[in-house]
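Down below is the structure, laid out as structure tokens.
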Amino acid sequence: MVRIRVLVVDDHRIFAESLAAALAAEPDVDVSAAGSGPAALRSLERAAAEGRRYDVLLVDADLGGGIAGVRPAVPVQEVGEDGLVDGISLVAGVRTAQPGVRIVVLAEKDDPRRAALALQAGASGWVAKDCSLSRLLTVIRGVLREETHLPPALLTGVLRELTAARKHRTESERLVESLTPREREVLRCMVAGLGRKAVAERLYLSPHTVRTHMQNVLGKLGVHSTLAAVALARRAGVGPVDLAGDVVERGGQLA
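Below, the structure is given as structure tokens:
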């Protein structure tokens with residue numbers, strides 16, 4: 001019998017253990033539980049190293065706390081200033097690190113906006129925490145067949161949210177295209193969370209020149225803060241500069 005490996009991620013211990021116990025009663029399901037995002041990441045890494053990857057994650061939409069090093073594929077202004085989206089940030093991080101894992105978000109209530117964010121981050125399903133075990137098993141088996149599962153009552157709202165997000169992305173891409181190559185490079189440094197001094201050191205520019213570039217970036221993007229600029233950049237698909245690289249690409253004049 002092919003067994004489905006499931007990891008339940010929820011910081012409500014009683015709920016997580018109860019759900020894990022119910023799933024474990026199924027003959028084709030192996031299940032474990034993690035009480036936080038970092039604990040889930042450790043479990044995933046350990047399982048991958050041992051050659052027994054998880055198939056499905058069940059993630060609490062309201063998972064508490066932030067996850068260091070994980071940046072979600074959703075707009076920053078939809079979350080906190082740290083750029084993290086509770087359980088949904090874990091979805092994005094896992095989908096990046098282990099794209100073969102299917103993720104289902106467990107929610108206390110139906111929320112079209114957050115369900116859309118979960119899908120954008122890479123989730124394959126959104127189900128109510130109080131749904132029946134048979135329904136949850138249907139979703140688990142369905143996402144393994146590449147299906148996407150949403151409650152019928154959420155479909156219209158989620159489609160509306162995704163359409164609006166696509167429109168905002170198009171507008172953001174147009175604004176980013178108005179930047180010069182150097183300004184885009186500075187923007188990528190801003191997305192990576194670098195301050196003016198760090199940007200200056202990385203790009204071999206003076207702090208004054210970096211300040212001018214940053215002001216130009218904000219002006220051309222039509223925003224008034226670095227946080228808003230980063231949010232717009234992420235909507236447009238602009239990623240952070242590679243902080244692990246030792247070599248900075250230099251092209252043309254640096255000023």
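Residue 1 is where the sequence shown starts when you use the UniProt record's numbering, and the numbers rise one by one after that. Where is the CB? At the ideal position from N, CA and C, for every residue including glycine.
1) Would you list the residues sitting across from Arg102 in a DSSP beta bridge?
2) Between which two residues does the beta strand (DSSP E) holding Leu7 run?
3) By the DSSP assignment, the alpha helix (DSSP H) with Ser178 in it spans what residues?
4) Could you tell me whether the Cβ atoms of Leu19 and Ala40 are closer together than 9 Å?
5) With a threshold of 16 other CB atoms inside 10 Å of the CB of Glu147, please say whether the residue is buried or exposed.
6) For Ala128, list the residues DSSP reports as bridge partners.
7) Under 8 Å by Cβ, that's how I've got Thr111 and Asp60 pegged, so tell me the actual separation to the nearest angstrom.
8) Around the Cβ of Ser132, are there at least 16 other Cβ atoms within 10 angstroms (buried) or fewer (exposed)?
9) For Pro31 versus Val8, is the C-beta distance shorter than 9 Å?
10) Provide the residue span of the beta strand (DSSP E) that contains Ala33, from first to last.
Quick answer:
1) The residue given as residue 102 occupies position 102 in the sequence shown. DSSP, once it has assigned bridges, lists Val56 as partnering Arg102.
2) In the sequence shown, residue 7 corresponds to position 7, counting from 1. Looking at the DSSP string, the run of the beta strand (DSSP E) that includes Leu7 is 4-9.
3) By one-based count along the sequence shown, residue 178 stands at place 178. Premise fails: Ser178 is in no alpha helix (DSSP H) and is neither H nor E.
4) If you number the sequence shown from 1, residue 19 lands on position 19. If you number the sequence shown from 1, residue 40 lands on position 40. No.
5) As a position in the sequence shown, residue 147 is number 147, starting the count at 1. Its Cβ having fewer than 16 others within 10 Å, Glu147 is exposed.
6) Here residue 128 refers to the residue found at position 128 when the sequence shown is read from its first residue. Answer is Ala107, bridged to Ala128.
7) Along the sequence shown, read from residue 1 onward, the residue named residue 111 stands at position 111. Along the sequence shown, read from residue 1 onward, the residue named residue 60 stands at position 60. Checking the sequence, you will find Asp at residue 111 rather than Thr. So it is not a contact: roughly 13 Å between Cβ atoms.
8) What you label residue 132 is simply residue 132 of the sequence shown in a count that begins at 1. It is exposed - the Cβ of Ser132 has fewer than 16 other Cβ atoms within 10 Å.
9) Taking the sequence shown and counting its residues from 1, one reaches residue 31 at position 31. Taking the sequence shown and counting its residues from 1, one reaches residue 8 at position 8. For clarity, residue 31 is Val in the given sequence; the question names Pro instead. Taking 9 Å as the Cβ cut-off, Val31 and Val8 qualify as a contacting pair.
10) Taking the sequence shown and counting its residues from 1, the one referred to as residue 33 is at position 33. Looking at the DSSP string, the run of the beta strand (DSSP E) that includes Ala33 is 29-34.
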